[in-house]
Amino acid sequence: MRKTLAVLTMLLLAGCAGTEDNGAAPTVTPSTPSTPSTPSTSSTPSTPPAQPPTTPSDPRPPKDVLVGQVTLGGSGPCYGMVTDDGKEYAFYSTAGTTLDKGTTVKIQFEPLRLKIYCGPGEHVSAIKITLVK
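Mind the numbering: the sequence shown is residues 7 to 139 in our numbering, read in order.
In structure tokens form, the structure reads like this:
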């Protein structure tokens, strides 16, 4: 409220300053903006769609793939592996696949959402396990 009152007072005083009646027309100096203004365009449609989209607008990224040797085998659901660069993974799968220690496998994985400990290494959930020959 105070700010609005102060602005109005300044405008009134500025309008009154230098208004001598000497018969000359008042001089008006137009202000020029420092940057040209462009009309804003809206990318939103004017009417909402009748139905929601049937496919996701942000498709899921492709699944990650790991290749390495099994360090903890068995019939699951927890397994261990180490990649060629020495990174250790613990992966979880309910597929019931039997893996032997030392076997080379390729797994498609996603983040593990369960609160479960499957051994040392980064924990992931195996979507697909393939034996590499």
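Beta carbons: idealized from backbone N, C-alpha and C, even for Gly.
Report the rounded CA-to-CA distance for residue i versus residue j, giving the unit in angstroms.
i: residue 112; j: residue 60; result: 33 Å
i: residue 95; j: residue 101; result: 18 Å
i: residue 80; j: residue 138; result: 17 Å
i: residue 105; j: residue 73; result: 14 Å
i: residue 85; j: residue 110; result: 13 Å
i: residue 82; j: residue 103; result: 7 Å
i: residue 88; j: residue 122; result: 19 Å
i: residue 58; j: residue 71; result: 33 Å
i: residue 127; j: residue 93; result: 8 Å
By Cβ distance below 8 Å, which residues in the same chain neighbour residue i in space, the five residues on each side in sequence not counted?
i: residue 131; result: 97, 98, 99, 115, 116, 117, 118, 119 and 120
Which partner residues of residue i appear in the DSSP bridge assignment?
i: residue 75; result: 88 and 110
i: residue 96; result: 86 and 129
i: residue 136; result: 112
Note down, in chain order, each residue of its chain lying with its Cβ closer than 6 Å to the Cβ of residue i, except the 5 sequence neighbours on either side.
i: residue 134; result: 114
i: residue 129; result: 96 and 118
Leaving out five residues on either side along the sequence, give the residues of the same chain with a beta carbon under 7 Å from the beta carbon of residue i.
i: residue 108; result: 75 and 76
i: residue 125; result: 78, 84, 86 and 96
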